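Novice:
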Amino acid sequence: MPHSALPTDAAPYPPPDATATATAAQTNNAPPAAAGLPERRASTVERPRTGVRRWLTAAERAALGAEHKIAREALRRAIGDDSPAAGPVETWLSTVDSDNTRASYAADVRAFVEWLRERHGISADDAPVNLLAVTMDVVAAYADAMREMTGRYGKPLSAATRARRLASLSALYKHLAARRQVPTNPVRELERPRVSTEGVTPARDSGEIGRMVKAAGTLRDLALVLLLYVSALRVGEVCRARADHLTDERGRTLLRVTVKGGKTRTVPLDPAVMEVVRHYLDGRTSGPLLRADTGTALARHHVPPILARLAAAAGLHDPAAIRPHVLRTSAITDLLERHPLQRVQHLVRHASPQTTERYNRRRRGIEEDAALSATLAAELPLSEVLDHLREEDE
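For the sequence shown, the residue numbers in the numbering used here are 181 to 574.
(1) Is it buried or exposed for Asp514, if we count other Cβ within 10 angstroms and need 16 for buried?
(2) Thr427 by DSSP, collapsed to three states: which one?
(3) Between which two residues does the beta strand (DSSP E) containing Glu445 stretch?
(4) State the beta-bridge partners of Ala477 as determined by DSSP.
(5) Considering only the beta carbon of each residue, do Leu408 and Leu470 sit closer than 8 angstroms?
(6) Three-state secondary structure (DSSP) at Arg384?
(7) With DSSP as the reference, identify every bridge partner of Val418, one or two as the case may be.
(8) Under 8 angstroms, do Leu346 and Leu370 count as touching if we go by C-beta distance?
(9) Name the one or two DSSP bridge partners that Leu435 has.
(10) Pull up the DSSP beta-bridge partners for Thr330, would you.
(11) Taking the alpha-carbon of Ala246 as reference, which of Arg464, Arg420, Val410 has the nearest alpha-carbon?
(12) Between Ala383 and Leu490, how many whole angstroms is the CB-CB distance? I'm expecting something under 8 angstroms.
(13) Closest by CA to Arg368, which one among Ala357, Arg241, Gln361?
(14) Excluding sequence positions up to five away, which residues of its chain have a Cβ less than 7 angstroms from the Cβ of Ala191?
(15) Quick check: what's the CA-CA separation for Pro484 versus Leu569?
(16) Identify whether Ala243 lies in helix, strand or coil by the three-state DSSP scheme.
(17) Counting beta carbon pairs with one atom in the stretch 278 to 285 and one in the stretch 328 to 342, are three or more of them shorter than 8 angstroms?
(18) Give the secondary structure of His505 by DSSP, where H, G and I count as helix, E and B as strand, and everything else as coil.
(19) Comparing alpha-carbon positions, which option in Thr509, Asn365, Ile302 lies nearest Ala320?
(20) Buried or exposed for Ser510, going by 16 or more other Cβ atoms inside 10 Å?
(21) Expressed to the nearest angstrom, what Euclidean distance is found between the alpha-carbon atoms of Leu352 and Trp272?
(22) Less than 8 angstroms between the beta carbons of Lys488 and Ala479, yes or no?
(23) So, with DSSP's three-state summary, where would you put Glu369?
(24) In the structure shown, what three-state DSSP assignment does Glu298 receive?
(25) Determine the direct distance from the alpha carbon of Leu406 to that of Ser348, and round the result to whole angstroms.
(26) Assuming Leu413 contacts His459 under a Cβ cut-off of 8 angstroms, what Cβ separation, rounded to an integer in Å, is found between them?
(27) Are there 16 or more other CB atoms within 10 angstroms of the CB of Val565, so buried, or fewer, so exposed?
(28) With Val269 as the anchor, note down where its alpha helix (DSSP H) starts and where it stops.
(29) Relative to the C-alpha of Arg252, which residue among Ala266, Val362, Ala423 is closest?
(30) If we ignore side chains and look at the alpha-carbon of each, how far apart do Ile502 and Asp261 end up?
(31) Going along the chain, which residues of its own chain have a beta-carbon closer than 6 angstroms to the beta-carbon of Arg391, five neighbours each way excluded?
(32) Give me the residue from Ala239, Leu435, Val276, Ala258 with the minimum Cα distance to Arg297.
(33) How is the alpha helix (DSSP H) around Pro484 delimited, first residue to last?
(34) Do you know how far the Cα of Val269 is from the Cα of Pro448?
(35) On the CB-based measure, 16 or more other CB atoms within 10 Å of its CB, does Ala254 come out buried or exposed?
(36) Which value, in whole angstroms, describes the spacing of the CA atoms of Asp279 and Arg233?
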């Protein structure tokens, strides 16, 4: 039997109670017979064990350049070229217009493929994965397993992340089912994690952001903070912004940025922000708007360390928690205290007012809860007790 993917007309993966058998076989360097896979081939590539780095070397990632190309190639290798699902998955990704969405879909599906391999002890060089033979029971097991998984920063996967991964799988199988490459969408009837209607990213007050502004040691760092907070841009929008996308119109400086969905929008830059950006560019009219220390375009992974360094210099609590979305969240929260929700929604380009309302609901809920707690605290003789305890301590 030639080396090929698992057949679509047979159970492609062992049931949960057979997983231990496959794992034991892997430990003894024997082929996992329960999985119906061919014998393992000797590994030809030394790959790191996690994420994209499992499938691509640093040189390959650099050659591919764009994030959506990296995610797409990593998924292709995770599935295996010999898999009958390789072509259909590639076709599905080609139907997605947005580069960002394509990268997100590819990363989410790759996480599922990696779970399948780890669940059944199938290494990167064993055999391809046949996604066309996945059943609802397999996806349900994956949904349960995600409850015990951790994310990029070692924290448990949030309900939103788990729901997004299942939504990505559902988008794939909806496409495959419409083309009759699978009998049905195995994710369609699966119950999804419930996502909170409140925002979860904590906002910081403008005073803390002001301290970060004062702590900025370079024009680049200052421009970064202002674009994330004053202009309320997403980190991806800032990193993709280019100097040649700045234009002047009716006395205002406009910046054309690429937003979620691959579309573009024009953002008016506040004169104070533009003054900093102009000084930073120092006459440069092309190339990335913000550059990394190496001279290349500022990338997403460059931004969190910069913000953490500024937050630490500013003496903020838990500086490592000051991530790019914290500044955008802080901006939206501050704006909702002064302006109607619809105006804020338009500024930050939320497709639905419900998304903006999540920030508003969280802010309102915190204030209302604090007010209720204050009424209870006011009825207690706390000041007398505290004075008495302080006297005893002295």
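Note that beta-carbon positions come from the ideal geometry of N, C-alpha and C, so glycine has one too. Computed from a prediction, not measured in an experiment: that's the story for all the values here.
Specialist: This is what the structure gives:
(1) Here the question's residue 514 lines up with position 334 in the sequence shown. Buried is the call here.
(2) On the sequence shown, residue 427 is found 247 positions in, with the first residue counted as 1. Looking at Thr427 - three-state DSSP - the assignment turns out to be strand.
(3) In the sequence shown, the residue the question calls residue 445 occupies position 265. Before going further, note that residue 445 is Arg rather than Glu in the sequence given. Looking at the DSSP string, the run of the beta strand (DSSP E) that includes Arg445 is 444 to 449.
(4) Numbered from its first residue, the sequence shown carries residue 477 at position 297. Per DSSP, Arg471.
(5) As a position in the sequence shown, residue 408 is number 228, starting the count at 1. As a position in the sequence shown, residue 470 is number 290, starting the count at 1. Their beta carbons are not under 8 angstroms apart, which means Leu408 does not touch Leu470 by this criterion.
(6) As a first step, residue 384 is located in the sequence shown; it is residue number 204 there, counting from the start. Of the three classes helix, strand and coil, the one that applies to Arg384 here is coil, per DSSP.
(7) Taking the sequence shown and counting its residues from 1, the one referred to as residue 418 is at position 238. Answer is none; Val418 lacks a bridge partner.
(8) Position 166 of the sequence shown, counted from the first residue, corresponds to residue 346. Position 190 of the sequence shown, counted from the first residue, corresponds to residue 370. Taking 8 angstroms as the Cβ cut-off, Leu346 and Leu370 qualify as a contacting pair.
(9) Mapped onto the sequence shown, residue 435 falls at position 255. DSSP output for Leu435 lists Leu426, Val447 as bridge partner(s).
(10) Here residue 330 refers to the residue found at position 150 when the sequence shown is read from its first residue. Paired residues: Pro336.
(11) Start at 1 with the first residue of the sequence shown, and residue 246 comes out as number 66. Here the closest residue by C-alpha is Arg420.
(12) Start at 1 with the first residue of the sequence shown, and residue 383 comes out as number 203. Start at 1 with the first residue of the sequence shown, and residue 490 comes out as number 310. In fact, because the Cβ distance is near 17 angstroms, the residues do not count as touching under 8 angstroms.
(13) Here residue 368 refers to the residue found at position 188 when the sequence shown is read from its first residue. The option with the nearest alpha carbon to Arg368 is Ala357.
(14) Counting from 1 along the sequence shown, the entry for residue 191 is found at position 11. Note that Ala191 scores a pLDDT of 42, beneath 50, so its modelled location is shaky and nothing firm can be said.
(15) For this step, residue 484 is matched to residue 304 along the sequence shown. For this step, residue 569 is matched to residue 389 along the sequence shown. The straight-line gap from Cα to Cα measures roughly 43 angstroms.
(16) Along the sequence shown, read from residue 1 onward, the residue named residue 243 stands at position 63. It is helical.
(17) no
(18) As a first step, residue 505 is located in the sequence shown; it is residue number 325 there, counting from the start. Residue state, collapsed to three classes: helix.
(19) Position 140 of the sequence shown holds residue 320. Of the candidates Thr509, Asn365, Ile302, the one whose C-alpha sits nearest the C-alpha of Ala320 is Asn365.
(20) As a position in the sequence shown, residue 510 is number 330, starting the count at 1. Its Cβ being crowded by 16 or more others within 10 Å, Ser510 is buried.
(21) Your numbering for residue 352 matches position 172 in the sequence shown. Your numbering for residue 272 matches position 92 in the sequence shown. The straight-line gap from Cα to Cα measures roughly 7 angstroms.
(22) What you label residue 488 is simply residue 308 of the sequence shown in a count that begins at 1. What you label residue 479 is simply residue 299 of the sequence shown in a count that begins at 1. In the sequence on display, residue 488 carries Ala and not Lys. Not closer than 8 angstroms, so no.
(23) As a position in the sequence shown, residue 369 is number 189, starting the count at 1. Glu369: coil per DSSP, three-state reduction.
(24) Locating residue 298 in the sequence shown gives position 118, where the first residue counts as 1. Here Glu298 sits in helix by DSSP.
(25) On the sequence shown, position 168 is the one that residue 348 refers to. On the sequence shown, position 226 is the one that residue 406 refers to. Using only the alpha carbons, I get a separation of about 33 angstroms.
(26) Taking the first residue of the sequence shown as position 1, residue 413 is located at position 233. Taking the first residue of the sequence shown as position 1, residue 459 is located at position 279. About 19 angstroms separates the two Cβ atoms, so there is no contact after all.
(27) Walking along the sequence shown from the start, residue 565 turns up at place 385. Exposed, by the Cβ-count rule.
(28) By 1-based counting over the sequence shown, the position of residue 269 is 89. Note, Val269: alpha helix (DSSP H), 266 to 274.
(29) Looking up residue 252 in the sequence shown gives position 72. Checking every option, the nearest Cα to that of Arg252 belongs to Ala266.
(30) Reading the sequence shown from its first residue, position 322 is the one you call residue 502. Reading the sequence shown from its first residue, position 81 is the one you call residue 261. So the two alpha carbons sit approximately 41 angstroms from each other.
(31) Taking the first residue of the sequence shown as position 1, residue 391 is located at position 211. Only Ala494 meet the Cβ criterion.
(32) Taking the first residue of the sequence shown as position 1, residue 297 is located at position 117. Selected option, being the one with the closest Cα: Ala258.
(33) Residue numbering aside, residue 484 sits at position 304 when the sequence shown is read from its first letter. 483 to 493 is the extent of the alpha helix (DSSP H) around Pro484.
(34) The sequence position of residue 448 within the sequence shown is 268, counting from 1. The sequence position of residue 269 within the sequence shown is 89, counting from 1. Cα to Cα, the separation comes out at about 39 angstroms.
(35) On the sequence shown, residue 254 is found 74 positions in, with the first residue counted as 1. Under this definition Ala254 is a buried residue.
(36) Looking up residue 279 in the sequence shown gives position 99. Looking up residue 233 in the sequence shown gives position 53. Rounded to whole angstroms, Asp279 to Arg233 spans 20 angstroms at the Cα level.
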